[in-house]
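I have placed the structure first, in the form of structure tokens, so that the comments after it can refer back to it.
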Amino acid sequence: MAVLTSAEILAACQDAASQAEQLNCVVTQLLLQDQRDQDYSSRISLVYSAALVFLMQAGFAMLCAGAVRKKNVQNTMLKNLLDACGAAIAYFSFGYAFAFGDGSNPNGFIGTTNFFLMDFEKYSFWMFQYAFSAASATIVAGTLAERCQMAAYLCYSLLLAGFVYPVVSHSIWSSYGFLSSSITKVNPLFGSGMVDFAGGGVVHLTGGTTALFATMILGPRRGRFHDDEGRKLDKPKDFPGHSIALQMLGTIILWFGWYGFNAGSALITTSKERDQLLALCAVNTTLSGGMAGLVALFLNYFILERQTGEPIFDLVMAMNGSLGGLVAITAGCGVVEPWTAVIIGAVAGVLYLVGSHALIKVRLDDAVDAIPVHMVNGMWGLLAVGLLASPSKLELAFGEEKPHVGWFYSWSRGSGDARLLACQIVGILWILGWVLGIMMPFFIWLDWKGWFRSDPLEEIVGLDTSYHGGLILMGGEESVNPEYISQFKKQRSNMRNRRTSRLNPHVQSSMDEEQCDDFGDGDALTEPDNLTGTNMSS
């Protein structure tokens, strides 16, 4: 951006024929300079907001690391890092083009230009959207913790960030998307279009739905719902995380990053008062997250008191409840009143508890409760917009009056217009159907190829040992049975020998015995019964 001094502005206007023309030229140059200053400030603010959203990767990493057992910490954190790395390349190569590469012949489903950022210079906008795509991919990390293979995880992450998420993003956020509510959209759906202000559906519902389908195919962690013989447990076994402090740190980092997520989205709107809109988003984000945390904490306390007579204040419920409230307000943070944000947060806290208990009822294993937090409350947030979007706040967000508002406001006007609510429902069904159609077959294929779930022995000794050379835990509550350790070492020794044999066909068979002897007498143990039979694939 070229910043002109007063002397340069006067010099640019000195050729004007008359004093009036010269004065008009100076005023025009000053107005252009002011617009350039605003564009400069917007780009800087957008990059800063993108950095806040990217910081959420640290929050996800801390939350997941604290929620898993010690033997899987390194593996879980690496998968979070792979999300950021893989999403960067995928979104650079294809993702942005599919999401916003409209070109000269746009369509409502997918973008077709700007692959590898060719003919593109809006780098601040790309950075902001990349951070969103990485966040959507990372949502799944915690759900699949402690049992997913590394290669499968990276493949899913690339597919989600490079194709699945961008198509959803294009359909809703591109001005040409078939669900778009942009003021430049011609003939929007039902005359309204779907409103997802900061990504409650685009980011959170997409990621949460992917997590649901993934855990359905992957299955629960060993021992969660079945014993070592494959018999169903009367009561599911809890696998408490090894560090509540890391979970708390992750939650606070995520909340902090959410201000870039929600308030930063105000910077890319057509609002004429973006400063006011940004502040409204921040306030609504705070209120919804706070209310949801309180509701989840005390409602869980009340339920435990009724069920057991020994209630506790469960910090995990409070943390996840707050995150559920933050997800729920994301879709409508710029189009609802502050008092409405409190209601949205309260409902989100209840829905989180209901969703968390429902997963256990149907025996789906979600290590960090990402499904009730992101999927359930992502849907609720979209519905809340259809019910509670304020006429004045819609005008603030879009820069002009919107004919279709929240259903409750329509009732207060005596019309009962539910077009916005209908658009929100169509949007939810579209996201669910799109993710189901792409990710479910992909996960089934990974599972069929044997690339999805870790080997039972790898899971038992811990993925840190299996994939990263970490030490096997030999003491404490998470110690590993020596029989499993012996079998794991023998398995790895056999793998090394087979690899050596392929490289050197003349290798002596005595090499196997020499390498196995290094592990000691424990290797003479027979294979544990609970690694045989049908339970091998559980």
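Under our numbering, the first residue of the sequence shown is numbered 3, with each subsequent residue one higher.
We treat Cβ as the ideally placed atom computed from N, Cα and C, and that holds for glycine.
| field | Nearest neighbour of PRO222, chosen from THR342, THR145, TYR93 [CA to CA] | value | Along the sequence shown, one-based indexing puts residue 222 at 220. The residue with the shortest Cα to Cα distance from PRO222 is THR145.
| Closer than 7 Å: ILE185 CB and nearest the ligand ZN heavy atom | The ligand ZN is absent from the structure shown, which contains no ligands of any kind.
| query | What are the boundary residues of the alpha helix (DSSP H) that includes GLY351? | reply | Within the sequence shown, residue 351 is the residue found at index 349, counting from 1. 340–363 is the span of the alpha helix (DSSP H), which, as asked, contains GLY351.
| request: Determine the direct distance from the alpha carbon of ILE174 to that of PHE180, and round the result to whole angstroms. | output: Here residue 180 corresponds to residue number 178 of the sequence shown, with the count starting at 1. Here residue 174 corresponds to residue number 172 of the sequence shown, with the count starting at 1. Those two C-alpha atoms are separated by around 7 Å.
| Alpha-carbon spacing of PHE118 relative to LEU160, whole angstroms | Taking the first residue of the sequence shown as 1, we reach residue 118 at position 116. Taking the first residue of the sequence shown as 1, we reach residue 160 at position 158. Those two C-alpha atoms are separated by around 15 Å.
| message | Using 8 Å as the threshold, is the C-beta distance between LEU279 and GLY336 below it? | response | Numbered from 1 along the sequence shown, position 277 holds the residue referred to as residue 279. Numbered from 1 along the sequence shown, position 334 holds the residue referred to as residue 336. Yes, the Cβ-Cβ distance between LEU279 and GLY336 is below 8 Å.
| query | Taking just the CA atoms, how far does LYS404 sit from ALA420? | reply | Numbered from its first residue, the sequence shown carries residue 420 at position 418. Numbered from its first residue, the sequence shown carries residue 404 at position 402. Cα to Cα, the separation comes out at about 13 Å.
| message | By DSSP's criteria, ARG226 is part of a beta bridge. Which residues make up the other side? | response | On the sequence shown, position 224 is the one that residue 226 refers to. Per DSSP, none; premise fails for ARG226.
| query | Quick one, are the C-beta atoms of ARG226 and ASP367 less than 8 Å apart? | reply | Here residue 226 corresponds to residue number 224 of the sequence shown, with the count starting at 1. Here residue 367 corresponds to residue number 365 of the sequence shown, with the count starting at 1. Yes.
| Extent of the continuous alpha helix (DSSP H) run through PRO393 | To locate residue 393, count along the sequence shown from 1; it is residue 391. Counting along the chain, the alpha helix (DSSP H) containing PRO393 begins and ends at 393–400.
| ALA391 classed as buried or exposed, judged by whether at least 16 other C-beta atoms fall within 10 angstroms | Here residue 391 corresponds to residue number 389 of the sequence shown, with the count starting at 1. Label assigned to ALA391: buried.
| request: Apply the 10 Å Cβ neighbour rule to TRP447 and answer buried if 16 or more other Cβ atoms are within range, or exposed otherwise. | output: Locating residue 447 in the sequence shown gives position 445, counting from the first residue. So TRP447 ends up on the exposed side.
| said: Quick check on PRO190: buried or exposed, where buried means 16 or more other Cβ atoms within 10 Å of its Cβ? | reply: In the sequence shown, counting from the first residue as 1, residue 190 sits at position 188. Buried, since its Cβ has 16 or more Cβ neighbours within 10 Å.
| message | For PRO458 and ASP230, I'd like the C-alpha separation in whole angstroms. | response | Here residue 458 refers to the residue found at position 456 of the sequence shown. Here residue 230 refers to the residue found at position 228 of the sequence shown. In a straight line, the C-alpha of PRO458 is about 11 Å away from that of ASP230.
| From PHE56, VAL318, ILE345, pick the residue whose C-alpha is nearest to that of LEU248; which is it? | Walking along the sequence shown from the start, residue 248 turns up at place 246. When only C-alpha atoms are compared, the closest one is VAL318.
| request: Mind listing, in chain order, the continuous beta strand (DSSP E) runs of no fewer than 3 residues lying wholly within the region 150–229? | output: none
| said: Going by DSSP in three states, LYS491 sits in which element: helix, strand or coil? | reply: Indexing the sequence shown from 1 puts residue 491 at position 489. The answer is helix: DSSP assigns LYS491 an H, G or I state.
| field | Buried versus exposed, by CB contacts within 10 Å (16 or more), TYR158 | value | Counted from its first residue, the sequence shown places residue 158 at position 156. It is buried - the Cβ of TYR158 has at least 16 other Cβ atoms within 10 Å.
| MET129 beta carbon less than 8 Å from that of ILE255 | Taking the sequence shown and counting its residues from 1, one reaches residue 255 at position 253. Taking the sequence shown and counting its residues from 1, one reaches residue 129 at position 127. Cβ atoms of ILE255 and MET129: not closer than 8 Å.
| said: Looking at ASP466: is its Cβ nearer than 8 Å to the Cβ of LYS81? | reply: Here residue 466 refers to the residue found at position 464 when the sequence shown is read from its first residue. Here residue 81 refers to the residue found at position 79 when the sequence shown is read from its first residue. No.
| message | Would the region 131–144 count as touching the region 396–410 if we require 3 or more Cβ pairs under 8 Å? | response | no
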